[in-house]
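Peer 1: Have a look at the structure that comes next, please.
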Amino acid sequence: MTGKPHIAIIGAGFAGFGASHQLREEGIEATIYEKRPVHGGHTSTHSYDDGYLFDEGPHISFTQNARLQDLFAESIGGDYERLRASVNNYWQGHWIKHPAQVNLHGLPEDLVIDCIRDFVTAGASQERSGRLANYEDWLLASFGETFARTFPATYTRKYHTTDACNLTTDWLGPRLYRPKIEEVLRGALKPNTQDVHYVDHFRYPSEGGFVSYLNGFRSRSRVECNSEIVEIDPRAKTIRTADGRLIAYDALISSVPLPRLIPTIKGAPPDVLDAAAKLACTEVVLVNIGVSKPHVRDDHWTYFYDEDIVFARLSYPSNFSPNVAPEGCTALQAEVYFSDKWKPRDKPADAYIEPVIDGLLQAGLIEDRAQVNHTSTIVAPYANIIFDHDRPAALKTVHGYLDDIGVGYCGRFGDWGYIWTDQAFASGEKAARKALGAIGSTKQLMESVTS
Numbered sequence: 046m047t048g049k050p051h052i053a054i055i056g057a058g059f060a061g062f063g064a065s066h067q068l069r070e071e072g073i074e075a076t077i078y079e080k081r082p083v084h085g086g087h088t089s090t091h092s093y094d095d096g097y098l099f100d101e102g103p104h105i106s107f108t109q110n111a112r113l114q115d116l117f118a119e120s121i122g123g124d125y126e127r128l129r130a131s132v133n134n135y136w137q138g139h140w141i142k143h144p145a146q147v148n149l150h151g152l153p154e155d156l157v158i159d160c161i162r163d164f165v166t167a168g169a170s171q172e173r174s175g176r177l178a179n180y181e182d183w184l185l186a187s188f189g190e191t192f193a194r195t196f197p198a199t200y201t202r203k204y205h206t207t208d209a210c211n212l213t214t215d216w217l218g219p220r221l222y223r224p225k226i227e228e229v230l231r232g233a234l235k236p237n238t239q240d241v242h243y244v245d246h247f248r249y250p251s252e253g254g255f256v257s258y259l260n261g262f263r264s265r266s267r268v269e270c271n272s273e274i275v276e277i278d279p280r281a282k283t284i285r286t287a288d289g290r291l292i293a294y295d296a297l298i299s300s301v302p303l304p305r306l307i308p309t310i311k312g313a314p315p316d317v318l319d320a321a322a323k324l325a326c327t328e329v330v331l332v333n334i335g336v337s338k339p340h341v342r343d344d345h346w347t348y349f350y351d352e353d354i355v356f357a358r359l360s361y362p363s364n365f366s367p368n369v370a371p372e373g374c375t376a377l378q379a380e381v382y383f384s385d386k387w388k389p390r391d392k393p394a395d396a397y398i399e400p401v402i403d404g405l406l407q408a409g410l411i412e413d414r415a416q417v418n419h420t421s422t423i424v425a426p427y428a429n430i431i432f433d434h435d436r437p438a439a440l441k442t443v444h445g446y447l448d449d450i451g452v453g454y455c456g457r458f459g460d461w462g463y464i465w466t467d468q469a470f471a472s473g474e475k476a477a478r479k480a481l482g483a484i485g486s487t488k489q490l491m492e493s494v495t496s
């Protein structure tokens, strides 16, 4: 190996740019190969002729890592909104501050009584928590029967597309708040409670949608769009593009979803192919709605528990930045989830526009269909990782194989974890450091053999 190594990165999302940034810090300019005609990956922003901008799902930056905060701010020239997160829930006509477990005030009296009774019973039985077999067990032990069944278990079916008993608990982190009994009682008796959501303040680019956070990184990186990688030969250390180019590499880093990556690897063994096929992920149909009213709600996103409302979550992008919608209008984005494993989609994406509008009318967010002045859909075939019971063993097999053949992986779909954009960027940096370490070890070995 002579001169600087050629490091290939597959995927131009936050993870890919994180890897490129780390390598550039080491004096190495990598090449990012991107299947799409634009960069951004899962954090892309779609622009429409009528003045609306919609991200590929609701993305915000709420990292507490000062280094990453500064990097991201610099990338957009410091032009961002700093917002206090407002998050709530909708259930049977009730708007409930998030998290619902400490904001029961105003719900039907019998429901509140049952939730508190079951919460106390569950708290007295915490000794069984050491024998929790799945996410359903965790919910019952944490919140009691009534609250668990009414809220998070129902939401799980809408968001993860399967029952809570089919999930593990290694994805939770800070996502579900476990309150003390005093917090539950206070939230049942009083309309105003302290904010305990894990997102407090967040940042969002003032202009151009969330993908703008990559502006600076994009300008400093070598990116080849319209470059789908269809074959990886780890022995020859080459990648082949869909248009027939054969490219040699010294190190390879991928943020491609593992079920797509593994079949492209020449010589991948059957057990690894089978393991990759067992990794489950949701597909999301994002239904974008523009309405001709300047204000809908002050919130940033809402969780919907009613199963007769098709979407699991609704975000209000024009509350992130007023520049994503025409003046006097409001942008809304609804998330409708499916999965190949648990809930396959059997209709075209546009078929969900009218059901979403029905849900907006039911919740009182719009008064009339005539207010709708924009509709569009975005389909993200890989949305959120499903942490089912097949995942741990399958992921160990896949990652072990990639480690053995020297193919790096990063990001939500390379690590195959529930990680946010800042974590994806840091994951790319880590993969780059690992690739450099492997190159250094190989170089030392070659030098020792030839000396």
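Going by this note's numbering, the first residue of the sequence shown is number 46, and it counts up by one from there.
Every residue, glycine too, gets a C-beta built ideally from N, C-alpha and C.
This one's a predicted model, so the numbers in the text were calculated from it and none came from an experiment.
Can you list, in chain order, the residues of its chain with a C-beta nearer than 7 Å to that of Ala233? Leave out the 5 residues immediately preceding and following it.
Peer 2: Excluding positions up to five away in sequence, the list reads Leu149, His150, Val157 and Ile161.
Peer 1: Ignoring anything shorter than 4 residues, give me the alpha helix (DSSP H) runs that lie fully in the region 232-275, in order along the chain.
Peer 2: 260-264
Peer 1: Round the Cβ separation of Thr347 and Tyr135 to the nearest angstrom and send it over; I've been treating them as touching at under 8 Å.
Peer 2: 5 Å
Peer 1: Give the straight-line distance between the Cα atoms of Gly459 and Tyr446, rounded to the nearest whole angstrom.
Peer 2: 13 Å
Peer 1: Which residues in the same chain have their Cβ closer than 8 Å to the Cβ of Asp295, if we skip the five residues on either side of it in sequence?
Peer 2: Only Met46, Pro50, His51, Ile52, Lys282 and Ile484 meet the Cβ criterion.
Peer 1: Can you tell me whether Ala370 is helix, strand or coil according to DSSP?
Peer 2: coil
Peer 1: Give me the Cβ distance between Val329 and Val381, rounded to the nearest whole Å; I'm assuming they're in contact under 8 Å.
Peer 2: 7 Å
Peer 1: Locate the beta strand (DSSP E) running through Gln378, then write down its first and last residues.
Peer 2: Thr375 to Ser384
Peer 1: Would you report the Cα separation of Ser272 and Gly56, rounded to the nearest angstrom?
Peer 2: C-alpha separation (whole angstroms): 10 Å.
Peer 1: Give the list of continuous beta strand (DSSP E) stretches no shorter than 3 residues that lie fully inside the region 78-152.
Peer 2: 90-92, 98-100, 125-129, 132-136 and 139-142
Peer 1: On the CB-based measure, 16 or more other CB atoms within 10 Å of its CB, does Ile226 come out buried or exposed?
Peer 2: exposed
Peer 1: Where does the unbroken alpha helix (DSSP H) through Ser187 begin, and where does it stop?
Peer 2: Tyr180 to Phe188
Peer 1: Where do the ends of the beta strand (DSSP E) carrying Ile292 lie?
Peer 2: Leu291 to Ala293
Peer 1: Using CA atoms only, rank isn't needed, just tell me which of Thr207, Phe62 and Asp245 is closest to His434.
Peer 2: Thr207
Peer 1: Tell me the residue span of the alpha helix (DSSP H) that contains Glu70.
Peer 2: Taken as a continuous stretch (DSSP letters only), the alpha helix (DSSP H) holding Glu70 covers Phe59 to Glu70.
Peer 1: Go through the region 419-471 residue by residue and report every complete run of the alpha helix (DSSP H) that reaches 4 residues or more, in order.
Peer 2: 436-450 and 456-460
Peer 1: My assumption, with CB atoms under 8 Å, is that Ile298 sits in contact with Cys455. Please give the rounded CB distance.
Peer 2: 6 Å
Peer 1: Tell me which residue opens and which closes the alpha helix (DSSP H) that Leu324 is part of.
Peer 2: Neither: Leu324 is in no alpha helix (DSSP H) and is coded neither H nor E.
Peer 1: State the DSSP-derived secondary structure class of Met491, mapped to helix, strand or coil.
Peer 2: Note that Met491 has pLDDT 42, beneath the 50 cutoff, so the model's placement of it is unreliable and no number is given.
Peer 1: Just to confirm the assignment, what range does the alpha helix (DSSP H) spanning Ala198 have?
Peer 2: Pro197 to Tyr204
Peer 1: Looking at the structure shown, is Phe349 part of a helix, part of a strand, or coil, going by DSSP?
Peer 2: strand
Peer 1: Of all the options Ala471, Asp448 and Val355, which has the alpha carbon lying nearest to the alpha carbon of Gln407?
Peer 2: Val355
Peer 1: State yes or no: is the C-beta of Phe192 within less than 8 Å of the C-beta of Phe164?
Peer 2: yes
Peer 1: What residues match up with Leu481 in a beta bridge as DSSP calls it?
Peer 2: According to DSSP, which records beta bridges pairwise, Leu481 is partnered with nothing at all.
Peer 1: Closer than 7 Å by C-beta to Pro304: which residues in its own chain qualify, once you throw out the five before and the five after it? Chain order, please.
Peer 2: Ala321, Ala322 and Leu324
Peer 1: If you run the structure through DSSP and keep just helix, strand and coil, what is Arg500?
Peer 2: Within the shown structure, residues of the chain are numbered from 46 to 496, placing residue 500 beyond reach of any answer.
Peer 1: In the DSSP assignment, find the alpha helix (DSSP H) that holds Arg342 and state where it starts and stops.
Peer 2: Arg342 -> no alpha helix (DSSP H), and no H or E assigned at all.
Peer 1: In whole angstroms, what separates the C-alpha of Asp100 from that of Ala313?
Peer 2: 35 Å
Peer 1: From the DSSP output, read off the bridge partner residues of Ala296.
Peer 2: Ile52
Peer 1: Output yes or no for whether 8 Å exceeds the beta carbon distance between Gly473 and Ser300.
Peer 2: yes
Peer 1: Determine the direct distance from the alpha carbon of Leu184 to that of Leu306, and round the result to whole angstroms.
Peer 2: 34 Å
Peer 1: Is it buried or exposed, Thr166, if we count other Cβ atoms within 10 angstroms and call 16 or more buried?
Peer 2: Burial call: exposed.
Peer 1: Under 8 Å, with one C-beta from each stretch per pair, do the region 100-114 and the region 464-481 reach the 3-pair mark?
Peer 2: Result yes; three or more Cβ-Cβ pairs closer than 8 Å.
Peer 1: Give me the Cβ distance between Arg436 and His246, rounded to the nearest whole Å; I'm assuming they're in contact under 8 Å.
Peer 2: So it is not a contact: roughly 32 Å between Cβ atoms.
Peer 1: Contact defined as beta carbons within less than 8 Å: I believe Glu276 pairs with Asp124. What is the distance between those atoms, to the nearest angstrom?
Peer 2: At roughly 41 Å, the Cβ-Cβ gap does not stay under 8 Å, so Glu276 and Asp124 are not in contact.
Peer 1: Does the beta-carbon distance from Ile45 to Arg390 come in below 8 Å?
Peer 2: Since the first residue shown for the chain is 46 and the last is 496, residue 45 is missing from the structure and cannot be characterised.
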